[in-house]
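The sequence shown lines up with residues -18 to -1, 1 to 254 when you count with mature numbering (1 follows the signal peptide of the UniProt record, and there is no 0). All residues carry an ideal CB built from backbone N, CA and C; glycine is no exception. Notes for the one structure printed next.
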Amino acid sequence: MKKISFVIFMLCFTIVEAFSQEQISISRFQGQKITGIEAHGIFNITAKQGTTTGVTVNIPARLEKQLVLKLDSDGKLQIYIEGKITSKNRKNNDDDHFTAEVTVTTLNNVELTGVCKLETIGDFTTNKLKVDLSGASKMLINGDFLTKEKLEIELSGASHLKGRITSPESSFDISGASNLTLKGNTIHCKIEVSGASKAALDDFPINELKAEVSGAARAQFQVKEKISLHTSGASKATYSGDPIILSLHSSGASNINKISSQSSETRKEYEK
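Dropping the structure here:
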């Protein structure tokens, strides 16, 4: 009886130990300069700006040797799993977690692919920010993000970016079935929206706008001083404000509409 009890105890201990080893946390680069994040695959990342920099990654223990966690001389952090992600037991695959918590010195560059998601916490201040999202990746900006010099955003695939950003100079390239939703403001804005993408910038006041909207894309703008807006294909664009019109041109089945306020009807039309 004692032997049986001992065997059961050891079996339970082994099972608990096995479960405890399913996930592993790895911390690196404490106190080092981190200025950018590049992630591929299925990582969920949270980032904040602070002085106590570093990264903590949580992944399945069996994939530890496949983890690529690098910091280059410019401060760009790379996070991804190299090779195929395998599972010993298909049922346990849902219990796999791929997360990272990053504290950056500043955030100048973000590159996400696959189904990665980056969520910022708190306010950020940087000189320049370049964002490149592809696949089904997402970036959610919580708090205020101040870019002192220039903002560049490129979205492709079915990627999404949403948040509040202030920048004097902004350049956007939105393609595929991507979605850009911004609050904040900018002085100069150049944007291309194509494919089945959507750009909701009606709460993102722009002093001077130069925009190209094509394909089946939808775009909404709020313009204060000057506007140059061209649409083509079956695209639709709306703008509010009373800017000086430098150029308004629509071709194909596309159209441009000026609105006095963001009505529910306009939003429904935009969402179609």
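Check                                                                                                             : Outcome
Contacting residues, own chain, Cβ-Cβ under 6 Å from Asn161 (five flanking each side not counted)                 : His142, Lys180
Whole-number beta carbon distance between Ala219 and Ala198, since they are thought to touch under 8 Å            : Wrong, their Cβ atoms sit about 12 Å apart, outside the cutoff.
contact_flag[the region 120 to 136, the region 42 to 62] where n(CB pairs < 8 Å) is 3 or more                     : no
Start-end ranges of the beta strand (DSSP E) lying completely within the region 147 to 201, minimum 3 residues    : 161 to 175, 180 to 195
Spatial neighbours of Ile103 in its chain, beta-carbon cut-off 8 Å, leaving aside the 5 residues before and after : Thr28, Ala29, Lys30, Asn124, Gly125
Cα-Cα separation between Gln14 and Asn109, rounded to whole angstroms                                             : 19 Å
Beta-carbon gap between Gly177 and Val205 smaller than 8 Å                                                        : no
First and last residue of the uninterrupted beta strand (DSSP E) at Ser217                                        : Premise fails: Ser217 is in no beta strand (DSSP E) and is neither H nor E.
Coarse secondary structure for Lys47, derived from DSSP in three states                                           : helix
Neighbour-count burial assignment, Ile173, 16 or more Cβ in a 10 Å radius                                         : buried
Reduced DSSP secondary structure (H/G/I, E/B, other) of Asp126                                                    : strand
In DSSP terms, what Glu136 is bridged to                                                                          : Asp114, Asp155
Length of the line joining the Cα atoms of residue 275 and Lys165                                                 : Since the first residue of the chain shown is -18 and the last is 254, residue 275 is not available in this structure.
Limits of the unbroken beta strand (DSSP E) element including Glu4                                                : No beta strand (DSSP E) holds Glu4; DSSP gives it neither H nor E.
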